[in-house]
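Protein chains in written order, with our numbering: chain A, 432 to 724; chain B, 102 to 368.
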C-alpha cells in the first residue's frame with residue numbers, strides 16, 4: 432500500500448501558550464514494499480509523523496493518502512485504516528493488559544470482529560513470526576522478560592495482519608542480543624510478508640543494516656531522503672543535526688583520508704569486513720611478491 | 102482532551118503575583134473566599150468583582166485562560182442557577198401573560214450565586230496559575246508547621262502532595278500514550294452501551310496502574326539509594342521569603358477586606 436503525504440503541517444496544542452509547530456511542509460511518497468528507516472534527533476518530529484499515518488493525529492493542514500483512503504477526509508473509516516497500518520509504539524510492552532499472552536495478542540483481531548477460528552490462527556501465526564513458542568500462550572505477559580514482553584506486544588499488532596508496519600524504536604532498551612533478535616525478525620518478516628515497513632530509530636547502525644531507504648527528520652521536516660549510501664556520504668550535515676554516520680563509515684572515511692583506496696559507500700560491518708580483508712590480502716600478496724624477487 | 106484541563110495548571114511567566122510568597126497568596130486566597138461570601142449587596146459585589154479583575158490583571162495570565170478554567174464548572178453554575186430560579190419562594194415572574202413557576206427573588210439569588218462561583222474559581226485559579234506546584238506545597242507545608250507540634254506529620258504530608266502533583270502530568274501523558282496504542286489495535290472507547298464502554302476501559306486502566314506502580318517503585322528505590330530521610334534538618338534549594346511585594350499585597354488586601362465589612366454594615 433503506497434502512502435502519499437503532501438504539505439503536512441501539525442501544530443501541537445494549538446491555541447494554548449504551549450503551542451508548537453511540530454511538523455511543517457512534510458512531503459513524502461512511500462512506495463509499496465519499501466523498508467524505510469526514519470532517523471532524527473529527539474524532538475525532530477519522527478514520532479509525530481508516524482502517528483499521522485494511522486490517523487491517531489490529525490494534520491493541522493495538508494493531506495495524507497494511504498492506499499486509496501484519504502485519511503484527512505472526515506468520512507474516512509479510521510478503524511479499517513488502523514487494521515491496514517499497524518503501529519508499534521515505543522516500549523510497546525507498556526500496553527499489555529490481559530491475563531494471558533494469548534488473550535493479549537487476540538485483542539486486536541477481536542476488535543476487528545473476526546471469528547474465533549480466525550483469531551486463533553492469527554495469534555499462532557503472529558507468535559510464530561516473533562519467535563515466541565506456544566508454551567507461552569497461557570502465561571501472564573507480566574511474568575515474562577523485557578524482550579519477551581516486547582515480542583508479545585509486537586505480535587499483538589502483527590495479528591491484525593497490517594499491510595504497512597510502523598515501528599517506533601523497536602529495539603530501545605533491549606540488551607544487544609535482544610536488539611539483534613528483534614531486528615532480524617523484523618527483517619525476516621519484511622521479506623516473508625512483503626509488507627511496507629517504516630522503522631524509527633536513532634541508531635545509525637540499526638538503520639544502516641536494515642533499511643533500503645532512509646528519511647532524516649530535522650526540526651519538524653524532512654531534511655534528507657535517499658539510499659543509505661547517499662545519506663551517509665553527507666556526514667557533515669548529519670553531524671550538524673546532532674546525528675552521525677555509523678561508526679564503521681567513520682572508520683572507512685578516516686582510512687580514505689589517510690590515502691587508502693577504498694569504496695566510500697560502505698556502511699555495514701559485513702561489507703567493511705569483506706572489503707578490508709580483501710585489501711589486506713592484496714597487500715600481503717604484493718609484499719610476498721616483493722620479497723621473492 | 103486531558104491536556105485541556107486548566108484548573109490547577111501553572112502558567113510560567115513573570116508577574117508581580119508570581120513573585121509573591123506562596124504563604125501570603127494562600128492566606129489571602131482564604132480571606133478572599135470569605136470576602137466573596139460575605140459580600141451581600143450591590144456595592145460589595147461590585148467591589149469584589151473589581152478586586153478579582155485586579156487580580157487577573159496583576160497575574161498577567163491571559164483572561165482566556167481564566168475563562169477556559171471556568172468551563173468544567175459551567176454545568177454546576179447552570180444547574181444551581183436553574184434550581185434557584187425555580188425553587189426560591191417569592192413573587193412569580195409573568196411572561197407573556199402567563200405566570201411561570203420562576204420567581205424574581207430566585208432570579209436575583211441565581212445571579213448572585215453564579216457570580217460567587219465564578220469569582221471563587223477565578224480567585225483560586227489565580228493562585229495555581231501563578232504558583233508552581235512545588236512552591237505551592239512548600240507554602241502549604243510552612244503554613245501547616247504549627248500542627249507538627251501536635252505530632253501531625255506535616256513534612257510527610259507535604260512530600261506526598263508534591264509527589265502526587267509532580268506525577269499528574271506524567272500520568273496524563275501516559276494515559277494518552279496507552280490510549281493511542283490501544284486505538285492502534287482497534288480499541289473503541291466511545292461507542293456502545295455504558296457497560297460496554299466501562300469494559301472497554303480495561304485495556305487502558307490496567308497498563309496505567311501497572312506503570313504507576315512501576316514508577317512508585319522506581320521512585321522509592323531512587324530516593325532510598327540517595328539516603329532520603331524526610332523531616333527535620335532538611336534544607337531546600339529555594340527558600341521562600343516574605344518580601345516587600347507581599348507586604349504591599351497584604352496591606353491592600355486588609356483595606357479591601359475592611360471596606361467589604363464596613364460597606365456590608367452600612368448598606
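For glycine and all other residues, C-beta sits at the position ideal for the given N, C-alpha and C. Computed from a prediction, not measured in an experiment: that's the story for all the values here.
With contact defined as three or more Cβ pairs closer than 8 Å, the segment 245-253 of chain B and the segment 271-288 of chain B are not in contact. Of all residues in the segment 280-292 of chain B, the ones placed with a Cβ closer than 8 Å to any Cβ belonging to chain A are 281, 282, 283, 284, 285, 286, 287, 288 and 289, in chain order. The beta carbon of residue 307 (chain B) falls within 8 Å of a beta carbon belonging to chain A, placing the residue at that interface. Contact check for residue 461 (chain A) and residue 486 (chain A): beta-carbon distance about 16 Å, past the 8 Å limit, so the pair fails to qualify. Spatial neighbours of residue 636 (chain A) in its own chain (CB-CB distance under 6 Å, excluding positions within 5 residues in sequence) are listed in chain order as 677. Counting other Cβ atoms within 10 Å of its Cβ, residue 572 (chain A) reaches 16 or more and is therefore classed as buried. For residue 454 (chain A), the three-state secondary structure derived from DSSP is strand. Note on geometry: alpha-carbon atoms of residue 329 (chain B) and residue 338 (chain B) lie some 15 Å from one another. Under the DSSP assignment, residue 146 (chain B) falls in the alpha helix (DSSP H) whose first and last residues are 143-160. Counted as a single uninterrupted DSSP element, the beta strand (DSSP E) harbouring residue 202 (chain B) occupies residues 199-204. In this chain, the beta strand (DSSP E) harbouring residue 598 (chain A) covers 595-599.
By the rule that beta-carbons nearer than 8 Å mark a contact, residue 226 (chain B) does not touch chain A.
Boundaries of the beta strand (DSSP E) around residue 518 (chain A): 516-519.
Classified as exposed, residue 192 (chain B) has fewer than 16 neighbouring CB atoms from the shown chains inside 10 Å of its CB. The C-alpha of residue 150 (chain B) lies about 30 Å from the C-alpha of residue 266 (chain B). Counting of Cβ neighbours within 10 angstroms places residue 112 (chain B) among the buried residues, the total reaching 16 or more. Residue 601 (chain A) is outside the set of residues whose beta carbon lies under 8 Å from a beta carbon in chain B. Identification of chain B residues near residue 472 (chain A) by a Cβ-Cβ cut-off of 9 Å yields none; the smallest Cβ-Cβ distance measures about 20 Å. According to the DSSP assignment, residue 441 (chain A) belongs to the beta strand (DSSP E) that extends over 434-443.
Taking 8 Å as the upper bound for CB-CB distance, residue 455 (chain A) and residue 651 (chain A) are in contact here, some 5 Å apart. For chain B, the residues of the segment 482-500 of chain A that bring a beta carbon within less than 8 Å of one of its beta carbons are 482, 485 and 487, in chain order. At a Cβ-Cβ threshold of 8 Å, residue 703 (chain A) and residue 697 (chain A) count as neighbours.
Looking at B:307, B:340 and B:177, the one whose alpha-carbon comes closest to that of residue 217 (chain B) is B:177. C-alpha of residue 195 (chain B) to C-alpha of residue 164 (chain B): approximately 37 Å in a straight line. Bridge partners of residue 585 (chain A) according to DSSP: none are assigned. Distances from the CA of residue 682 (chain A) to each of A:643, A:699, A:601 and A:508 were compared; the closest alpha carbon is that of A:699. Just so you know, the alpha carbons of residue 619 (chain A) and residue 613 (chain A) end up roughly 10 Å apart. Around the CB of residue 299 (chain B), fewer than 16 other CB atoms lie within 10 Å, so the residue is classed as exposed.
With contacts defined by Cβ atoms closer than 8 Å, residue 584 (chain A) and residue 563 (chain A) do not form a contacting pair. Here residue 214 (chain B) carries a helix assignment [DSSP, helix/strand/coil]. Membership of residue 535 (chain A) in the alpha helix (DSSP H) is indicated by the continuous run 532-542.
Not flagged as an interface residue toward chain A: residue 270 (chain B), since no C-beta distance is shorter than 8 Å. Sequence-distant Cβ neighbours of residue 364 (chain B) in its own chain, meaning closer than 8 Å and more than five residues away, are 142, 144, 145 and 148. Cα atoms of residue 626 (chain A) and residue 491 (chain A): separation of roughly 29 Å, rounded to the nearest angstrom. The straight-line gap separating the alpha-carbon atoms of residue 232 (chain B) and residue 252 (chain B) is approximately 28 Å. Residue 691 (chain A) and residue 705 (chain A) have their C-alpha atoms some 15 Å from each other.
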